[in-house]
Amino acid sequence: MGGSESTSQTKTSSAEFNIPWRETPWDNKELLEKNLRELKLSDSNVKYIRILLAGEVGAGKSSLINSVNSVFQRRITTEALADSVSGTSFTRTYRTYYIRNGESVLPFVFNDIMGLESEDSNGADPEDIAKALEGLLKEGHNFNPTDSAKNYDCKSETSPEDLTYCLVYVIAADKVSMMTKEVFKKMKYIRQKASSLEIPQAVIMTMVDEACPLVEKNLRKIYTSKKIKEKMQICSNSVGVPVSHIFPVKNYHEEIDTQNDIDVLILRALTQIVQIADDLVNRRKHDSEKLLICNTTEKA
């Protein structure tokens with residue numbers, strides 16, 4: 025009996041770091057939520073920070089939107105329809121999702137797009153995603169790779185709210201090692217386009233409970249789990265996003281009530297994403313001011 029317990033303890037210790045390698049404010053959910061509810065953007069002319077979600081089919085993009093909304097509504101919501109059965113993308117149109125804050129909405133929105141697939145004839149066209157980054161896709165754009173009329177859904181002019189301020193790759197922790205080269209090739213193209221536009225990028229790593237038994241039993245072990253850190257490093261190496269911009273979370277999928285630890289991980293990730301997105305808002309504001317000063321000087 026003693027030998028069995030000793031073996032079990034050894035396995036557990038070999039799977040864990042002694043202390044969490046990233047601090048998490050598990051007991052400060054209310055403060056994290058309050059700060060996001062009271063968020064003021066750097067440019068008053070920008071009403072919303074637009075966050076574009078991209079990822080493989082089944083990675084949990086729609087479920088992430090529902091989970092974020094659930095945190096702020098303090099109940100399980102299903103505004104973004106998600107499918108856990110078909111194996112093909114359930115999202116067919118380009119749509120903006122607003123997060124309600126009482127009678128108003130919060131100053132950040134999500135855009136869900138069709139999932140990426142290996143075959144060129146299936147899943148989202150990377151060119152469509154590139155257009156979304158520039159704010160050129162119209163609401164309701166049809167994500168059909170074989171639709172020759174899709175160019176008619178593009179805008180001729182954009183406003184500051186149409187622009188993407190952060191590109192977030194949603195990657196399933198339990199499937200990242202099995203993602204195909206073709207999907208990563210599409211992600212690389214999207215990443216290069218975002219980089220050329222100076223759009224910051226982050227990764228939300230979902231399904232952490234499916235990837236690690238320790239985390240499945242206790243979500244607070246997420247940053248002591250060696251398996252989760254290994255998956256984060258694979259994400260970083262494959263997509264090119266630094267580990268500091270990779271945030272492991274658990275989406276709501278079988279729960280009927282919200283839970284503190286799930287909420288905290290989502291709020292913590294969202295806080296970091298909104299902050300780096302607002303940095304871009306601030307840069308664009310200063311660039312516009314400089315351009316205005318230059319134009320005024322030239323006319324004088």
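When we follow the numbering used here, the leftmost residue of the sequence shown carries the number 25, and every step to the right adds one. No residue lacks a Cβ here, since even glycine has one placed at the ideal position from N, Cα and C.
Check your understanding: Mind checking whether K71 and G79 have CB atoms under 8 angstroms apart?
Key -> no
**Study point:** Given 8 angstroms, three or more beta-carbon pairs between the region 181 to 196 and the region 225 to 232
**Key:** yes
Point to revise | Coarse secondary structure for Y189, derived from DSSP in three states | key: coil
Practice item. Locate the beta strand (DSSP E) running through L130, then write down its first and last residues. Key: S128 to D136
Practice item. Identify, in the order they occur along the chain, each residue of the same chain with its Cβ nearer than 7 angstroms to the Cβ of N275, setting aside the five sequence neighbours on each side. Key: G84, S87, L88, S91 and T230
Practice item. Give me the Cα-Cα distance between H310 and I137, rounded to the nearest whole angstrom. Key: Straight-line Cα distance between these residues: approximately 30 angstroms.
**Study point:** Among N52, T188, E54 and N135, the one whose alpha carbon lies nearest that of E163
**Key:** Taking E163 as reference, the option from N52, T188, E54 and N135 with the minimal CA-CA separation is N135.
Review point. Taking DSSP as the reference, what is the three-state secondary structure of C259?
Key: helix
Practice item. Would you mind reading off the limits of the alpha helix (DSSP H) that contains V239? Key: From DSSP, the alpha helix (DSSP H) with V239 extends over P237 to K241.
Practice item. With distances taken Cα to Cα, identify the nearest neighbour of D186 among I290, L291, R119 and V81. Key: R119
Check your understanding: DSSP state of N275, grouped into three classes?
Key -> The DSSP-derived three-state label of N275 is coil.
Check your understanding: CA-CA distance, K314 and V305?
Key -> The C-alpha of K314 lies about 14 angstroms from the C-alpha of V305.
Review point. For T117, which three-state DSSP category applies?
Key: strand
**Study point:** Close beta carbons around A218, own chain, < 6 angstroms, minus the five adjacent residues each side
**Key:** L157, L191 and Q225
**Study point:** For V288 and T48, the rounded distance between their alpha carbons
**Key:** 8 angstroms
Practice item. Using a threshold of 8 angstroms, state whether the C-beta atoms of V200 and C236 are closer than that. Key: no
Check your understanding: Straight-line CA distance for V298 to A39?
Key -> 32 angstroms
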